[in-house]
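Okay, structure first, notes after.
In our numbering, the protein residues as written are 69 to 251.
Below is the structure:
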């Protein structure tokens with residue numbers, strides 16, 4: 069039920085408002101506003117989702133001056149015919165209104181590092197689901213063999229521990245790898 073309420077709030081309340089003073093991201097429960105001088109860049113990125121779930125594949129993200137990424141609701145291929153052209157026009161207008169022009173190396177490094185960490189945690193979540201499936205097989209094998217299985221440990225603790233450990237390791241590895249790859 070909570071997911072349904074969140075989805076309904078996202079549909080009715082979530083939006084992006086652009087003014088001469090800045091850009092506002094209205095989420096389901098709260099709004100956040102950035103002055104144009106605090107905005108580093110606005111980009112349309114391919115998320116890879118959209119095939120199996122109800123997520124747009126080409127959403128727009130705002131990057132602040134510290135390299136943090138924020139989703140801009142309703143700026144995607146579902147709402148706009150050409151999100152790239154819309155974001156390019158928005159970026160041009162933002163440059164005239166005070167958004168810094170050009171790339172800064174230290175901010176790009178932070179963006180790449182965060183992108184690598186996100187990818188590492190995504191792979192860790194996939195690995196945790198695989199570990200969960202393996203633990204189901206182990207629990208069934210122990211049940212068939214007549215040994216008592218501690219289902220709490222097998223089905224909850226082991227997958228969560230694998231998720232946490234692999235998330236940290238893969239997050240660091242993918243962040244370091246993203247910085248090494250040529251751009």
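For glycine and all other residues, C-beta sits at the position ideal for the given N, C-alpha and C.
Where residue i and residue j are concerned, what is the direct C-alpha to C-alpha distance, given to the nearest angstrom?
i	j	result
residue 144	residue 90	20 Å
residue 184	residue 130	17 Å
residue 243	residue 176	13 Å
residue 132	residue 219	45 Å
residue 236	residue 189	8 Å
residue 207	residue 216	9 Å
residue 182	residue 124	21 Å
residue 106	residue 171	14 Å
residue 77	residue 164	33 Å
residue 158	residue 179	20 Å
residue 204	residue 146	39 Å
residue 224	residue 214	21 Å
residue 103	residue 209	59 Å
residue 99	residue 137	15 Å
residue 115	residue 174	24 Å
residue 148	residue 139	15 Å
residue 193	residue 126	22 Å
Give me the Cβ distance between residue i and residue j, rounded to the nearest whole Å; I'm assuming they're in contact under 8 Å.
i	j	result
residue 110	residue 128	6 Å
residue 186	residue 141	With a Cβ gap of about 19 Å, residue 186 and residue 141 do not count as contacting.
residue 191	residue 247	Residue 191 to residue 247, Cβ: 17 Å. No contact.
residue 81	residue 96	5 Å
residue 155	residue 112	5 Å
residue 234	residue 195	5 Å
Please classify residue i as buried or exposed, where buried requires at least 16 neighbouring CB atoms within 10 angstroms.
i	result
residue 108	buried
residue 162	buried
residue 167	buried
residue 135	buried
residue 69	exposed
residue 74	exposed
residue 71	exposed
residue 212	exposed
Just list the residues that DSSP pairs residue i with in beta bridges.
i	result
residue 110	130
residue 85	92
residue 191	According to DSSP, which records beta bridges pairwise, residue 191 is partnered with nothing at all.
residue 103	90
residue 138	130
Given 8 Å, three or more beta-carbon pairs between the segment 196 to 208 and the segment 227 to 237: yes
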